[in-house]
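Enquirer: Here the sequence shown stands for residues 1 to 901, numbered as in UniProt numbering.
Just so it is clear, CB atoms sit at the ideal spot from N, CA and C, and this is done for glycine as well.
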Amino acid sequence: MFGALARRLFGTANDRLIKSLRGTVDAVNALEPSLESLSDEALRGRTQWLRERLAAGESLDDLLVDAFATVREGSRRVMGMRHFDVQIMGGIVLHQGRIAEMKTGEGKTLVATLPTYLNALTGKGVHVVTVNDYLASRDAEWMGRLYRFLGLTTGVIVNAMSDAERQAAYACDITYGTNNEIGFDYLRDNMKFRLEDMVQRSFHYAIVDEVDSILVDEARTPLIISGPSETSTSLYADVDRLIRDVRPEHYEKDEKARTVTFTEEGTEFVEQIMRQAGLLGEGGLYDLNNVSLVHHAQQALRAHALFSRDVDYIVKDGRVVIIDEFTGRMMDGRRYSEGLHQALEAKEGVAVQNENQTLASITFQNLFRLYPKLAGMTGTAMTEAGEFMEIYNLEVVEIPSNRPFSRDDQDDEVYRMAKDKYKAIADLIGECHKRGQPCLVGTTSIEKSEYLADLLRKDKKIKPQVLNARYHEQEAHIIAQAGVPGAVTIATNMAGRGTDIQLGGNLDMRVAIELAKVTDEVERTRRIAAIRADVEDKKQKALAAGGLFVIGTERHESRRIDNQLRGRSGRQGDPGASRFFLSLEDDLMRIFGSERMDGMLRKLGLREDEAIVHPWINKALEKAQQKVEARNFEVRKNLLKYDDVMNDQRKVIYEQRRELMQGDTVSADLAQMRAETVADLVQRCIPRRAMASQWDVPTLHEECLRLFGLDLPVQGWAAEEGIAEEEIHDRILGAVEEKMAARRERYGDDIWLMMERGLLLQILDQVWKDHLLQLDHLRQGITLRAYAQRDPLNEYKSEAFEMFQAMLVHLRERVTQVMALVELQVDPEQDIQDRVRSPRRPESHPRHEMAHAMAGSGDAPLRHPPMRDPANPETWGRVSRNEGCPCGSGRKYKHCHGSLK
1 MFGALARRLF GTANDRLIKS LRGTVDAVNA LEPSLESLSD EALRGRTQWL RERLAAGESL
61 DDLLVDAFAT VREGSRRVMG MRHFDVQIMG GIVLHQGRIA EMKTGEGKTL VATLPTYLNA
121 LTGKGVHVVT VNDYLASRDA EWMGRLYRFL GLTTGVIVNA MSDAERQAAY ACDITYGTNN
181 EIGFDYLRDN MKFRLEDMVQ RSFHYAIVDE VDSILVDEAR TPLIISGPSE TSTSLYADVD
241 RLIRDVRPEH YEKDEKARTV TFTEEGTEFV EQIMRQAGLL GEGGLYDLNN VSLVHHAQQA
301 LRAHALFSRD VDYIVKDGRV VIIDEFTGRM MDGRRYSEGL HQALEAKEGV AVQNENQTLA
361 SITFQNLFRL YPKLAGMTGT AMTEAGEFME IYNLEVVEIP SNRPFSRDDQ DDEVYRMAKD
421 KYKAIADLIG ECHKRGQPCL VGTTSIEKSE YLADLLRKDK KIKPQVLNAR YHEQEAHIIA
481 QAGVPGAVTI ATNMAGRGTD IQLGGNLDMR VAIELAKVTD EVERTRRIAA IRADVEDKKQ
541 KALAAGGLFV IGTERHESRR IDNQLRGRSG RQGDPGASRF FLSLEDDLMR IFGSERMDGM
601 LRKLGLREDE AIVHPWINKA LEKAQQKVEA RNFEVRKNLL KYDDVMNDQR KVIYEQRREL
661 MQGDTVSADL AQMRAETVAD LVQRCIPRRA MASQWDVPTL HEECLRLFGL DLPVQGWAAE
721 EGIAEEEIHD RILGAVEEKM AARRERYGDD IWLMMERGLL LQILDQVWKD HLLQLDHLRQ
781 GITLRAYAQR DPLNEYKSEA FEMFQAMLVH LRERVTQVMA LVELQVDPEQ DIQDRVRSPR
841 RPESHPRHEM AHAMAGSGDA PLRHPPMRDP ANPETWGRVS RNEGCPCGSG RKYKHCHGSL
901 K
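In structure tokens, the structure reads:
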């Protein structure tokens with residue numbers, strides 16, 4: 001009560017913030033007359049003037065008014081678009097590192113030019129992040145005209161670009177790109193072997209378009225770079241054939257949590273059919289030796305029970321392609337992890353690809369928190385304001401619209417049966433089409449969009465435009481003309497489409513398509529005038545018919561997605577309307593208590609073909625959506641808590657890699673590793689304050705042979721009167737350093753220093769990759785610790801730290817061993833730089849990396865001397881892993897001197 005009274009008297013915090021921006025907007029407006037009188041050259045010269053002021057010690061905030069006024073005037077001259085006052089406000093909010101919520105059609109793309117230009121003056125680079133390659137390319141070209149006019153460079157990052165092209169794009173003042181491309185470039189850069197091969201500069205400032213889609217919806221799935229593992233894929237097809245016989249009573253499905261598990265009866269049934277098929281041997285399905293079968297059976301069950309074709313994925317060109325549940329877009333190149341994608345491929349009868357092993361990964365939360373300054377813009381962020389503040393420390397500011405809002409958001413219509421709902425939708429579309437009112441219909445899956453399209457063609461003789469993942473390439477063209485009178489557009493999930501629906505049609509898109517081959521300027525000018533007149537005429541007809549009517553065929557789990565769909569109508573004060581149709585058979589209604597509601601509606605006498613319309617229904621649905629959103633937030637927050645553990649370790653490894661590449665030499669690092677390895681070895685075999693009789697001298701001798709290739713008289717040293725472990729440590733370390741100095745002298749400084757860096761980086765990457773795999777395995781089973789009344793997250797933190805410490809010890813030993821034993825054969829006629837420079841690692845072939853790590857650097861082969869001295873590992877050359885060890889121990893080489901653990 002008191003809160004409402006205070007808001008009425010003093011305004012909300014958002015209102016007060018908007019009011020505080022008015023003075024800055026007025027200052028920008030005051031400069032407009034003086035800038036209008038400047039020549040193009042003088043206006044462009046202001047960029048250098050602003051940079052000089054920045055170099056002289058002024059801050060970006062000091063330059064804001066002058067910079068924004070310069071951009072506004074440049075935009076008016078180059079693109080014919082003058083920033084509105086509310087767009088200036090949006091630009092200030094973005095520069096402050098906040099999220100600007102602006103309704104669809106308010107010109108967010110143009111708003112971003114203001115803070116982008118201002119922050120690009122530093123020369124450190126600004127990233128403008130979009131949701132797909134089309135928008136990145138479009139905005140880079142469209143807004144790039146303005147930036148080039150003002151003397152700034154613009155680049156764009158899209159799929160299938162070479163490293164050289166990416167370097168050039170990131171080196172520009174302003175770089176447009178998708179969240180996926182920027183994230184994968186970050187991971188790939190931290191897998192490179194030379195600084196000059198890295199494509200990104202240090203992060204400085206990013207503006208994220210459709211910020212809720214990228215930082216919330218997509219944040220549940222981390223970015224992963226993976227390489228193929230050695231696991232066979234034939235088992236997926238074998239298990240899939242058996243799982244098809246599983247009946248609903250054999251498993252329990254929780255659609256809220258998206259989980260499915262075998263019942264006791266189901267487990268017995270699966271064991272029986274697996275035994276008959278010869279897949280299950282001794283013991284039960286859940287015995288330790290059948291862990292792989294459990295994994296395959298569980299994933300096959302998930303593929304059949306939880307995932308639906310044309311809803312969660314489509315099959316295209318013999319591949320299973322994931323469909324983004326929030327945007328309806330195909331996610332080419334993305335695959336489900338932990339064998340689920342392989343199970344779906346087996347289900348659909350397409351070629352089953354190899355399972356992958358993680359080489360590098362990062363969540364979007366931790367990726368974007370790497371930016372010292374981050375901002376975002378969208379039409380729908382207020383519903384997730386708490387998450388943005390908690391996870392990213394980003395405040396959401398609602399920017400008022402330029403013109404009064406006039407869309408009619410009607411109450412939902414709820415039907416008992418889905419068929420009645422679709423009939424009512426078709427009737428409404430028919431009415432709108434008849435009076436020339438454009439319609440945009442939002443569906444939740446490809447299957448439902450095509451069902452509705454068929455219904456309209458058969459019953460209403462209407463030919464709608466269908467936009468879903470099957471017609472992804474025509475997306476912008478279809479949406480651009482959705483405002484033409486009488487147009488009916490059916491779209492799967494309208495989130496973040498990024499192309500304005502303008503009543504009468506999109507002039508620029510029509511010109512681009514219809515005049516693509518017209519080169520004569522006179523003819524082109526005449527045709528453009530005719531298209532402009534036609535668009536204006538159609539706009540008046542659409543306005544007279546009531547503007548764009550948005551129809552939702554069901555509610556989404558997230559209110560933001562519903563609001564984004566509604567937001568396509570009512571652009572820049574245009575009239576419009578929206579209405580959602582629901583049935584008790586919809587997923588949201590079915591999962592969240594439709595039985596009680598169905599019983600209630602029956603008691604009220606609601607017939608099958610009738611609808612109930614009441615504001616209370618809207619409130620009940622909103623509460624259901626809030627519950628789902630809260631659960632999804634917990635999922636994302638939980639994912640982040642676990643990734644934060646890995647993120648701390650990832651920062652250490654990536655910083656270490658960069659330091660190793662930046663230094664002139666890594667010799668000091670390797671010397672420290674050798675010293676620590678010797679210290680650990682001596683400590684392990686000769687514990688402090690232990691009696692000489694308790695020393696493990698044989699193991700110390702064997703380990704010196706294995707790690708350093710040195711047959712040292714450790715037994716004799718230990719027998720000396722009064723010798724201490726420090727003395728033995730110093731003698732071993734001295735022998736190791738003497739050997740390494742001799743090897744360096746033998747190969748020469750140039751070859752040796754390059755080999756040191758190359759091998760160190762390769763081995764570091766290999767042990768890090770193995771560590772990631774171990775963390776994946778730990779994460780999969782850690783939740784079971786809750787049954788023992790232990791917190792899984794704390795258990796994960798503790799064990800992950802211990803594993804990281806063990807990884808560092810293993811790294812030191814492995815590097816020391818390889819550097820002590822590796823042999824290089826260098827062709828003297830070949831240029832040294834070509835032979836030993838650090839290799840570029842093939843990211844998709846981790847086994848190839850391992851071969852390089854053991855063989856040395858580049859493609860230099862191991863030397864294979866004709867005679868082997870059992871006491872001198874340097875004479876052994878290449879030894880097969882399964883060959884008897886040349887030392888004469890009788891064990892295989894891989895279990896003796898070839899052991900890497």
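Hey, quick one: how far does the alpha helix (DSSP H) through Phe708 stretch, first residue to last?
Expert: Residues 697-708.
Enquirer: Could you tell me the distance, in whole angstroms, from the CA atom of Ala800 to the CA atom of Glu557?
Expert: The alpha-carbon atoms of Ala800 and Glu557 are separated by roughly 34 Å.
Enquirer: Taking 8 Å as the limit between beta carbons, can you name the residues of its chain near Leu681, skipping five residues before and five after?
Expert: These residues qualify, in order along the chain: Leu700, Glu703, Cys704, Leu707, Ile732.
Enquirer: Could you round the C-beta distance between Leu340 and Gln299 to whole angstroms and report it? I think they count as a contact, below 8 Å.
Expert: Yes, they are in contact, since the Cβ atoms of Leu340 and Gln299 sit about 5 Å apart, within 8 Å.
Enquirer: By how many angstroms is the C-alpha of Asp245 removed from the C-alpha of Asp409?
Expert: Going by the C-alpha atoms only, they are around 48 Å apart.
Enquirer: So, helix, strand or coil for Tyr422, using DSSP?
Expert: If DSSP states are grouped into helix, strand and coil, Tyr422 belongs with the helices.
Enquirer: Look up His614 in the DSSP assignment and say whether it is helix, strand or coil.
Expert: Note: His614 maps to coil in three-state DSSP.
Enquirer: Quick check: what's the CA-CA separation for Ser857 versus Lys192?
Expert: Only weak support is given to the placement of Ser857: the predicted model assigns it a pLDDT of 31, under 50, and the question is left unresolved by the model.
Enquirer: Please go through the same chain and pick out, in chain order, the residues whose beta-carbon is closer than 7 Å to the beta-carbon of Leu17, but skip the five residues on each side of it.
Expert: Within the same chain, Leu17 has close Cβ partners Val397.
Enquirer: With a threshold of 6 Å on Cβ separation, who are the neighbours of His771 within its own chain once the five nearest residues in sequence on each side are excluded?
Expert: The residues are Met807.
Enquirer: Which residues in the same chain as Thr104 place their Cβ atom closer than 7 Å to its Cβ, once the five residues preceding and following it in sequence are excluded?
Expert: Contacts found: Gly379, Gly567, Arg568, Arg571.
Enquirer: Is it right to say His777 is buried, meaning 16 or more other beta carbons lie within 10 angstroms of its own, or is it exposed?
Expert: Result: exposed.
Enquirer: Could you check where the beta strand (DSSP E) with Leu582 kicks off and where it finishes?
Expert: First-last of the beta strand (DSSP E) with Leu582: 576-583.
Enquirer: Please confirm if the segment 729-744 is in contact with the segment 658-675, defined as three or more CB-CB distances below 8 Å between the two stretches.
Expert: Contact holds: three or more Cβ-Cβ distances are below 8 Å.
Enquirer: Please report the Cβ distance between residue 905 and Met754, rounded to the nearest whole angstrom; I am assuming they are in contact, meaning their Cβ atoms lie under 8 Å.
Expert: Summary: the structure shown does not reach residue 905, with the chain confined to residues 1 through 901, and so no result is reported for it.
Enquirer: Residue ranges of each beta strand (DSSP E) run of no fewer than 3 residues wholly in the segment 306-331, ordered along the chain?
Expert: Runs of the beta strand (DSSP E) inside the segment 306-331: 313-316, 319-322.
Enquirer: Below 8 Å, how does it come out for the segment 446-465 and the segment 498-518: are there three or more Cβ pairs, yes or no?
Expert: The segment 446-465, when compared against the segment 498-518, does not touch it at the 8 Å Cβ threshold.
Enquirer: If Leu455 and Tyr422 are in contact, beta carbons under 8 Å, what's the gap, nearest whole angstrom?
Expert: So it is a contact: roughly 6 Å between Cβ atoms.
Enquirer: At a cut of 8 Å, does the segment 743-752 reach the segment 342-351 through at least three beta carbon pairs?
Expert: Result no; under three Cβ-Cβ pairs closer than 8 Å.
Enquirer: Measuring CB to CB, does Arg137 end up less than 8 Å from Leu110?
Expert: Sequence check: residue 137 is Ser here, not Arg. Not closer than 8 Å, so no.
Enquirer: Within 10 angstroms of its Cβ, does Pro33 collect 16 or more other Cβ (buried), or is it exposed?
Expert: Flag for Pro33 reads exposed.
Enquirer: Quick one: is Asp61 buried, meaning 16 or more other Cβ sit within 10 Å of its Cβ, or exposed?
Expert: Exposed, because fewer than 16 other Cβ atoms sit within 10 Å of the Cβ of Asp61.
Enquirer: Can you tell me whether Gly716 is buried or exposed, with buried defined as 16 or more other CB within 10 angstroms of its CB?
Expert: Exposed.
Enquirer: Could you tell me which uninterrupted alpha helix (DSSP H) segments, each at least 4 residues in length, are contained entirely in the segment 515-565, listed from first to last along the chain?
Expert: Runs found: 521-544.
Enquirer: Between the Cα of Leu452 and those of Ala424, Gly436, Pro438, Thr261, spot the shortest distance and give me the residue it belongs to.
Expert: Closest by alpha carbon: Ala424.
Enquirer: What distance in whole Å lies between the Cβ atoms of Val71 and Thr113, which are believed to be in contact at a cut-off of 8 Å?
Expert: The pair is a contact, with the Cβ atoms about 6 Å apart (cut-off 8 Å).
Enquirer: Given Gln833, which residues of its chain have a CB within under 7 Å of its CB, disregarding the five upstream and five downstream residues?
Expert: The predicted position of Gln833 is uncertain, since its pLDDT is 45 and thus under 50; a value taken from the coordinates is nonetheless stated next. Excluding sequence neighbours, Gln833 sits near nothing in its chain.
Enquirer: Using only CA atoms, which one of Gln481, Val216, Cys172 lies nearest to Met382?
Expert: Here the closest residue by C-alpha is Val216.
Enquirer: For Met143, count neighbouring Cβ atoms within 10 angstroms of its own Cβ and tell me buried if that reaches 16, exposed if not.
Expert: Met143 is buried by the Cβ-count criterion.
Enquirer: Using CA atoms only, rank isn't needed, just tell me which of Val697, Gln276, Ile224 is closest to Ser337.
Expert: Of Val697, Gln276, Ile224, the residue nearest in Cα terms is Ile224.
Enquirer: In the DSSP assignment, find the unbroken alpha helix (DSSP H) run with Gly333 in it and report its ends.
Expert: Unbroken run through Gly333: none, as it is neither H nor E.
Enquirer: For Asp562, is the classification buried or exposed, using 16 other Cβ atoms within 10 angstroms of its Cβ as the cut-off for buried?
Expert: That one is buried.
Enquirer: Nearest to Ser406 by alpha carbon, out of Gly504, Gly349, Glu450, Leu543?
Expert: Closest option to Ser406, Cα to Cα, is Leu543.
Enquirer: Counting Cβ pairs, one atom from each stretch, are 3 or more of them under 8 Å apart for the segment 684-699 and the segment 640-654?
Expert: The segment 684-699 is not in contact with the segment 640-654.
Enquirer: Tell whether a beta-carbon distance below 8 Å holds between Leu150 and Arg51.
Expert: No.
Enquirer: Measuring CA to CA, which of Val93, Asp26, Leu118 is closest to Arg53?
Expert: The option with the nearest alpha carbon to Arg53 is Leu118.
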